[in-house]
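Sequential numbering of the sequence shown, starting at 87, is according to this note's numbering.
To keep things clear, I will list the structure first and then write my remarks on it.
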Amino acid sequence: MDLRLSGTTALITGAASGIGRATALALAAEGVRVALLDRDAAALDETARGCRDAVVRVVDVTYEAQVEDAVSTSVEELGGLDGVVCCAGISGPVGSSIGEISLADWNAVFAVNVTGAFLVVAQALPALRASAAASVVLLASDSAFVSSPGMAPYCASKAALVQLGRSLSVDLAGDGIRVNTVAPSIVDTAMSRGDLGAEAFVDPEFAVQTPEDVASHVLYLVSPRSRAINGATILSDFGYSARSGFPA
Ligand SMILES: NC(=O)c1ccc[n+]([C@@H]2O[C@H](COP(=O)([O-])OP(=O)(O)OC[C@H]3O[C@@H](n4cnc5c(N)ncnc54)[C@H](O)[C@@H]3O)[C@@H](O)[C@H]2O)c1
């Protein structure tokens with residue numbers, strides 16, 4: 087299927103690693119000119135080497151002034167903006183009960199996972215309004231719907247991101263900007279290996295998807311092929327959450 091993305095532009099946060107990198111490479115392979123944003127400069131350059139004529143900005147998405155500068159100068163260099171994909175994210179505390187979680191840890195998770203997306207989309211708005219087919223995709227998680235034990239800040243932040251996407255889809259529909267979320271279960275990336283340990287991915291006892299699997303969901307949502315899909319979440323969890331507790 088021709089995704090009709092060739093000749094368009096997109097900005098991807100978290101583009102230095104995992105899902106963000108796979109999404110950037112997949113978009114570039116479809117002929118999209120990409121702006122790559124991340125706080126990891128060295129890894130960002132490696133992504134850029136796989137994308138023709140990429141715009142690169144080293145930025146911490148939790149700082150408003152940095153986001154303003156990175157997004158506005160990216161749009162200028164790209165000459166417009168059709169797609170925004172917010173992948174920058176952190177896990178925060180893993181295996182911690184609420185009594186063990188500091189306010190600083192809680193705030194850090196929300197700052198990246200929720201506020202970061204808010205800042206990036208808000209700054210990209212004027213350019214998206216000018217696009218003929220604007221699409222925003224937010225990387226949530228199945229943890230927005232089912233809970234990974236000991237990861238309350240992460241789970242709560244991803245649920246907030248899903249609802250941010252739904253709210254924005256309503257608020258921006260009049261501007262012709264679609265907003266959707268993707269909510270994958272475990273993806274083999276630096277983040278999940280850090281959380282679960284690399285050994286968990288040797289002959290894993292759980293279903294694992296690749297960053298490229300998730301990138302394909304994102305690309306469909308960025309593409310005008312999905313123009314009727316707005317305010318939706320693609321829950322890609324191998325059907326795990328569809329199963330009730332009914333013992334049959
Ligand atoms: N890996 C999984 O199992 C999984 C499952 C569901 C959802 N997700 C979500 O997908 C997204 C991408 O995760 P991933 O697994 O590819 O992780 P990753 O750790 O491989 O990549 C995350 C990227 O975000 C960047 N980043 C983090 N904080 C930042 C900040 N403040 N400013 C700028 N960049 C920042 C990191 O430098 C890194 O390059 C995240 O939002 C994550 O929550 C991951």
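Using N, Cα and C, we set each Cβ at its ideal position, and we do this for glycine too.
Since the structure is predicted, the reported quantities are computational estimates derived from the model, not experimental observations.
Residue i - partner residues in DSSP beta bridges
i: V337; result: Residue 337 lies beyond the range of the chain shown here (87 to 334); nothing can be said about it.
i: R107; result: Paired residues: none, contrary to the question.
i: V142; result: L122
i: T99; result: L123, C172
i: S330; result: According to DSSP, which records beta bridges pairwise, S330 is partnered with nothing at all.
i: I320; result: V268
Simplified DSSP assignment, three categories, for residue i
i: N266; result: strand
i: D126; result: coil
i: L89; result: coil
i: I176; result: coil
i: I315; result: coil
i: T94; result: coil
i: V308; result: helix
i: G166; result: coil
i: E116; result: coil
i: G181; result: coil
i: V153; result: helix
i: D289; result: coil
i: G280; result: helix
Minimum Cβ-Cβ distance from residue i to chain C less than 9 Å
i: L305; result: The structure shown contains no chain C; it is built from a single protein chain.
**Request:** Answer yes if the region 300 to 307 comes into contact with the region 149 to 168, meaning at least three C-beta pairs across the two stretches below 8 Å, and no otherwise.
**Result:** The count of Cβ pairs closer than 8 Å, one atom from the region 149 to 168 and one from the region 300 to 307, stays below three, leaving the stretches out of contact.
**Request:** Could you tell me which uninterrupted beta strand (DSSP E) segments, each at least 3 residues in length, are contained entirely in the region 187 to 275, listed from first to last along the chain?
**Result:** Considered as a whole, the region 187 to 275 harbours 220 to 225, 263 to 270 as its complete beta strand (DSSP E) runs of no fewer than 3 residues, in chain order.
**the region 250 to 260 touching the region 285 to 293, judged by at least three CB pairs closer than 8 Å** = Contact fails: fewer than three Cβ-Cβ distances are below 8 Å.
**Prompt:** Within the chosen definition, does the region 97 to 104 reach the region 126 to 141 through at least 3 CB pairs nearer than 8 Å?
**Reply:** Below 8 Å, enough C-beta pairs join the region 97 to 104 and the region 126 to 141 to call them touching: three or more.
**Message:** Three Cβ pairs or more, each shorter than 8 Å: is that satisfied between the region 144 to 155 and the region 196 to 203?
**Reply:** Contact between the region 144 to 155 and the region 196 to 203 is present: 3 or more CB-CB pairs across the two stretches fall below 8 Å.
**Asked** Is it a yes or a no for the region 106 to 125 touching the region 313 to 332, going by three-plus beta-carbon pairs under 8 Å?
**Response** In short, these stretches do not touch, since the Cβ pair count stays below three.
**Request:** Report yes or no: do the region 203 to 221 and the region 230 to 238 share at least 3 C-beta pairs separated by less than 8 Å?
**Result:** Because the criterion of three Cβ pairs below 8 Å is not met, the region 203 to 221 and the region 230 to 238 do not touch.
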